[in-house]
Each structure stands twice: as structure tokens, then as C-alpha cells.
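Student:
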Amino acid sequence: MRIQETMTVYDKLNILSDAAKYDVACTSSGVDRSNDGTGMGNCKACGICHSFSADGRCISLLKILFTNECIYDCKYCINRRSNDVVRTSFTPDEICTLTMEFYRRNYIEGLFLSSGVLVSPDYTMELLCATLHKLRKECNFQGYIHVKAIPGASPELVQKAGFLADRMSVNLELPTSESLKRLAPHKTRKNILTPMRLVQNGRQENRQELALYRNAPQFVPAGQSTQMIIGATPESDYQIMKVTESLYQKFELKRVFYSAFVHVNEDSSLPARTDGGPPLLREHRLYQADWLLRYYHFQADELLSESSPNFNVFFDPKCNWALKHLEQFPVEVNRADYKLLLRVPGIGYRSAERIVKARRHAALDFDDLKKIGVVLKRALYFITCRGRMMYPTKIEEDYITRNLLNVGERLPMNVVNMGYEQLSLFDDVRFDSDKVVQMG
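The opening position of the sequence shown corresponds to residue 167 in the numbering used here, with each subsequent residue numbered one higher.
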């Protein structure tokens with residue numbers, strides 16, 4: 167371990183922002199809280215204005231670790247105890263200065279604060295709580311704050327942080343307890359799920375309190391999220407989606423994030439390094455399926471099974487489901503209910519809402535669907551308008567598959583390029599002593 171005794175705030179920022187880049191559970195606000203006139207910043211329900219790095223990571227928040235020192239030796243983590251990397255930590259005052267100065271310059275809309283585990287979970291959580299308390303109470307920062315709860319920390323500290331933050335998250339790390347034992351033996355599933363349950367119960371109790379006392383303090387008003395590393399362990403997509411479904415149902419999570427495994431350590435327990443880079447296409451398919459669970463009323467068992475445990479690399483999960491269930495098509499858009507429309511490839515949930523509203527006034531045809539936003543080049547094989555298909559076609563899997571392959575799927579640029587690069591927010595910023603100064 168290399169510990170740098172004298173280090174500027176800028177040096178620390180370079181190290182601890184870079185160390186935070188693998189944590190993708192970075193979300194917009196989801197909470198509406200206006201400024202009360204006594205401080206700086208606010209939260210809007212529409213969320214935070216986002217910027218994205220080349221690999222699709224959100225950089226609209228000041229995303230940093232409190233420290234990259236850690237008592238654990240997780241085999242997949244760049245900050246693991248046994249790695250010989252430069253170690254440093256912020257102080258609560260430094261994080262407050264960075265957050266306030268970046269916010270004043272409109273570089274950020276809020277703070278995302280995570281941490282390695284320094285000394286012990288309680289010791290680290292106390293430092294995070296002290297930082298948030300100073301930021302909220304002394305600096306009067308009323309903007310968005312997302313903080314990581316440290317597994318193993320006392321319930322009192324997690325609760326204290328919950329009344330200071332807008333969103334909290336506890337990283338599940340790996341999909342199953344078996345994989346956790348293999349790659350992160352110092353962590354247990356129980357220690358990870360305990361703060362999740364505490365946040366869930368705290369939010370339920372807080373909702374009841376707010377119903378009685380409108381001005382009661384809010385506890386994690388934007389909910390909680392988690393992250394799983396994908397590709398470091400041999401779980402199938404089906405196993406991962408079943409875990410995801412369970413988390414949404416049992417813990418009322420707002421989001422589950424998937425992080426494609428990045429090979430940063432050499433270890434016999436990890437997958438061999440390949441030229442293909444992180445499994446970004448797989449990560450993309452999991453996000454698509456996650457969307458279907460949350461907004462399209464699908465269940466994990468409908469998308470995958472033990473006999474077919476992984477997503478199709480050529481088609482998105484909804485299109486693949488439709489090809490395997492052609493007995494439900496074609497769908498008459500002027501009569502089908504909302505949930506059935508959601509299952510048609512090329513029809514999103516907003517397009518389905520528009521169809522339901524528009525057909526109350528007149529029967530729709532294909533030109534109307536195009537104006538509404540339906541992607542007809544995908545939907546035309548699965549729908550009829552006024553009893554007619556757009557073109558003469560066959561409701562046969564091979565026929566539709568060949569035609570859809572010719573159309574192709576529009577993938578995000580990071581998936582197309584299969585590259586991994588972290589974009590720094592701070593390339594055009596330098597620090598003068600303890601002050602943040604804009605270059606140029």
C-alpha cells in the first residue's frame with residue numbers, strides 16, 4: 167500500500183473520482199424539494215440534467231469516494247487491501263468545499279458519495295454522516311445527495327444518513343451469496359441486505375409520519391438502489407433477473423444497476439482477460455430486461471427459463487419474447503388493451519398510452535401510429551390496423567427473424583464500439599490551495 171502524506175485537494179480529487187468510476191449506481195433525484203430560502207440548491211422531481219461519458223456512465227454528479235483505503239480484499243476491486251495503489255482520503259471539510267464550489271459554477275447538480283471501508287464499517291459511516299451533516303446544516307446545501315450505506319454499520323448511523331441524503335444505496339456486489347463467498351469473502355449477504363431492509367422499513371414509517379405531520383423530516387425520499395457486477399461470476403442472465411425481480415418485490419428498490427465486469431486485477435478466481443473487453447452487450451440486454459420488469463409488466467420467468475437461461479445477442483428481450491410467442495399475434499391496435507400493446511415490439515409504454523387515448527376519438531391506421539411514435543419497421547409483423555396488416559407477411563418465426571435481422575437493432579455507441587473509457591469531469595479545472603478555480 168502506498169500512502170501519500172502530503173497531497174493537494176486536486177490530487178485527492180483525481181485519485182478518488184477515478185476510484186469511484188466503477189460504481190454505476192448513480193441516479194437522478196426522483197424527489198421534489200424546493201429551496202426554502204436559507205441555503206443553496208434544490209431537487210426537482212424531473213431529475214438531474216445528465217451528462218454522459220463515452221462508456222455511458224452518468225457524470226452529472228460530483229461522484230467520489232471518501233477514501234480508497236479499505237480493510238477488505240474483494241478480488242474484483244481496484245481498491246482492495248492487497249493492491250499496491252496510492253491511498254488517500256478526503257476530510258468532511260474538503261468534500262463540502264468541492265461540492266459547494268462545483269455547484270456554484272454549475273458543474274454539478276449534486277453529490278454522489280461512496281467510500282472504501284476505513285478502519286471499520288461504523289468508523290467509515292460516522293465519517294460519511296459527519297460530511298453530510300456539515301454539508302446540510304453548516305453549508306446549507308439543499309441540492310441532491312446520494313450516499314452509500316456501508317454494510318455492517320450500525321442501524322443508528324444508517325438511519326442518521328438517511329435523514330440527510332435524498333437517495334441511499336447498498337451494493338449487492340455479486341448476484342449470489344456463493345459468488346460473494348468466492349470473490350468477497352469478508353462480506354456477507356446478510357450484512358448487505360440488513361441496511362436495505364432498514365431503509366425500506368424507515369421509508370414506510372416515514373410515509374406514515376409525513377401523513378400526520380407534513381413538516382416532518384424526510385427519510386431517503388428518493389428511495390434506494392443497488393448494483394451488481396456482471397460477468398465476474400458464472401451466473402446466467404436468468405439467475406440475475408430472478409435476483410433483480412426479488413429485490414424489486416421484497417425491498418421496494420427504485421433501481422438495480424448492472425456493471426459489466428472490468429478486468430482490473432490479476433487473480434485466478436477471476437475470468438481470464440479477453441480482447442473483447444467488458445461484456446457491455448450483456449449489460450445492455452440486462453438493462454433492457456430490467457425496464458420490462460419495471461414498466462412493461464413482464465416477469466423474469468416470461469423472459470428466460472432454466473432451459474433458455476441467457477438473452478439473445480441478436481434481439482432485445484421483448485422482441486425475442488414476441489418471436490417465441492407468435493400465437494399472441496397479430497394484435498389489433500384499435501382493440502387490444504394497454505398491457506397487450508406493451509408487449510408489441512416497436513411500441514413503448516408512452517406510445518401505448520397515446521394509442522389508448524387516440525383511439526377513443528377515431529380508429530387508427532398505420533400513418534397515425536407513425537405519428538404517435540411507434541417503430542413500424544419492427545411492429546408491422548405483430549399488429550393490424552382495422553383488421554389489416556401493413557404489408558402481406560407471414561406469422562412465422564424464421565420469416566420474421568430474417569426480416570428483423572435485416573432491419574437491425576440500434577445499439578448504444580458504447581456497446582457498438584465495445585470500448586471502456588472513463589471521462590473525467592475535471593480536465594478543465596485546477597485548484598489553487600483550497601479554492602476551486604476555473605481554467606481559461
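Ideal Cβ positions, reconstructed from N, Cα and C, are used throughout, including at glycine.
What's the gap between the Cα of V422 and the Cα of M394?
Tutor: Rounded to the nearest angstrom, the two C-alpha atoms are 8 angstroms apart.
Student: What first and last residue would you give for the alpha helix (DSSP H) that runs through L570?
Tutor: Segment E563 to V573, the alpha helix (DSSP H) holding L570.
Student: For Y379, does the count of other Cβ atoms within 10 angstroms reach 16, so buried, or fall short, so exposed?
Tutor: Per the 10 Å Cβ criterion, exposed.
Student: For the beta strand (DSSP E) containing Y465, name the first residue and the last one.
Tutor: A small fix is needed here, since residue 465 is Gln in this sequence, not Tyr. Taken as a continuous stretch (DSSP letters only), Q465 belongs to no beta strand (DSSP E), as it is neither H nor E.
Student: For the beta strand (DSSP E) that K229 lies in, which residues bound it at each end?
Tutor: That run of the beta strand (DSSP E) goes L228 to L231.
Student: By Cβ distance below 7 angstroms, which residues in the same chain neighbour I538 in space, the five residues on each side in sequence not counted?
Tutor: Contacts found: S517, R520, I521 and A524.
Student: Tell me the rounded alpha-carbon separation between Y176 and I358.
Tutor: Rounded to the nearest angstrom, the two C-alpha atoms are 32 angstroms apart.
Student: Given D184, which residues of its chain have a CB within under 6 angstroms of its CB, disregarding the five upstream and five downstream residues?
Tutor: There are no such residues.
Student: If you count every other CB in all the chains shown that lies within 10 Å of the CB of R448, and 16 or more means buried, which is it?
Tutor: Per the 10 Å Cβ criterion, buried.
Student: Determine whether the beta carbon atoms of P578 and H491 lie at a separation below 8 angstroms.
Tutor: Their beta carbons are not under 8 angstroms apart, which means P578 does not touch H491 by this criterion.
Student: Could you check if F385 is buried or exposed, using at least 16 other CB atoms within 10 Å of its CB as the buried criterion?
Tutor: Buried, since its Cβ has 16 or more Cβ neighbours within 10 Å.
Student: Buried or exposed for G389, going by 16 or more other Cβ atoms inside 10 Å?
Tutor: With 16 or more other Cβ atoms within 10 Å, it is buried.
Student: Taking DSSP as the reference, what is the three-state secondary structure of I513?
Tutor: Reduced to three states, the DSSP call for I513 is coil.
Student: Which residues in the same chain have their Cβ closer than 7 angstroms to the Cβ of S435, if we skip the five residues on either side of it in sequence?
Tutor: For S435, where only same-chain residues beyond five positions count, the Cβ hits under 7 angstroms are K241, R348 and L349.
Student: Exposed or buried, E562, counting other C-beta atoms within 10 Å across all chains shown (16 or more means buried)?
Tutor: Per the 10 Å Cβ criterion, exposed.
Student: Out of curiosity, what's the CA-to-CA distance linking T297 and D332?
Tutor: Each residue's Cα considered, the two are about 14 angstroms apart.
Student: Could I get the ranges of all uninterrupted beta strand (DSSP E) runs contained in the stretch 421-475, with 3 residues as the minimum, in chain order?
Tutor: Runs found: 421-426.
Student: Taking DSSP as the reference, what is the three-state secondary structure of R348?
Tutor: Three-state result, R348: helix.
Student: Excluding the five sequence neighbours on either side, which residues of its own chain have a C-beta within less than 7 angstroms of the C-beta of L458, listed in chain order?
Tutor: Excluding sequence neighbours, L458 sits near F464, L469, P483 and K484.
Student: Just tell me which of D288, F329, K408 and L294 has its CA closest to the CA of Q308.
Tutor: Among D288, F329, K408 and L294, the Cα nearest to that of Q308 is on F329.
Student: When burial is assigned at 16 or more other CB atoms within 10 Å of the CB, is Y504 buried or exposed?
Tutor: Exposed, since its Cβ has fewer than 16 Cβ neighbours within 10 Å.
Student: Considering just the uninterrupted stretch of the beta strand (DSSP E) at R333, what are its terminal residues?
Tutor: It spans R333 to S335 - the beta strand (DSSP E) in which R333 sits, taken as one unbroken run.
Student: At which residues does the beta strand (DSSP E) containing F278 begin and terminate?
Tutor: G276 to S280 is the extent of the beta strand (DSSP E) around F278.
Student: Excluding the five sequence neighbours on either side, which residues of its own chain have a C-beta within less than 8 angstroms of the C-beta of A327, listed in chain order?
Tutor: The answer, listed in chain order, is M291, L294, C295, L298, V313, A315 and M334.
Student: Please state whether DSSP places E498 in a helix, a strand or coil.
Tutor: It is a strand residue.
Student: What residue range is occupied by the uninterrupted alpha helix (DSSP H) comprising H312?
Tutor: Run containing H312: none in the alpha helix (DSSP H); it sits in the beta strand (DSSP E), Y310 to K314.
Student: Closer than 6 angstroms by C-beta to E418: which residues in its own chain qualify, once you throw out the five before and the five after it? Chain order, please.
Tutor: So the qualifying residues of the chain are Q366.
Student: In the structure shown, what three-state DSSP assignment does F256 receive?
Tutor: Three-state result, F256: coil.
Student: Taking 8 angstroms as the cut-off, decide whether the C-beta atoms of F548 and A488 are in contact.
Tutor: Closer than 8 angstroms, so yes.
Student: Counting only the same chain and skipping the five closest in sequence on each side, list residues whose C-beta sits under 6 angstroms from that of L364.
Tutor: Contacts found: P321 and V324.
Student: Would you kindly work out how many angstroms separate the C-alpha atoms of E339 and N486, rounded to a whole number?
Tutor: When rounded, the distance between both Cα atoms is 28 angstroms.
Student: From G607 to M362, what distance separates their C-alpha atoms?
Tutor: Beyond the ends of the chain as shown, which are 167 and 606, falls residue 607; an answer cannot be given.
Student: Taking the beta strand (DSSP E) that M407 belongs to, which residues open and close that run?
Tutor: No beta strand (DSSP E) contains M407, which is instead part of the alpha helix (DSSP H) from D403 to F417.
Student: I need the boundaries of the beta strand (DSSP E) containing T392, first residue and last residue.
Tutor: Q390 to I396 is the span of the beta strand (DSSP E), which, as asked, contains T392.
Student: Quick check: T550 and P496, are their CB atoms within less than 8 angstroms of each other?
Tutor: For T550 and P496, yes; Cβs fall inside 8 angstroms.
Student: Please state the DSSP three-state secondary structure of C551.
Tutor: Reduced to three states, the DSSP call for C551 is strand.
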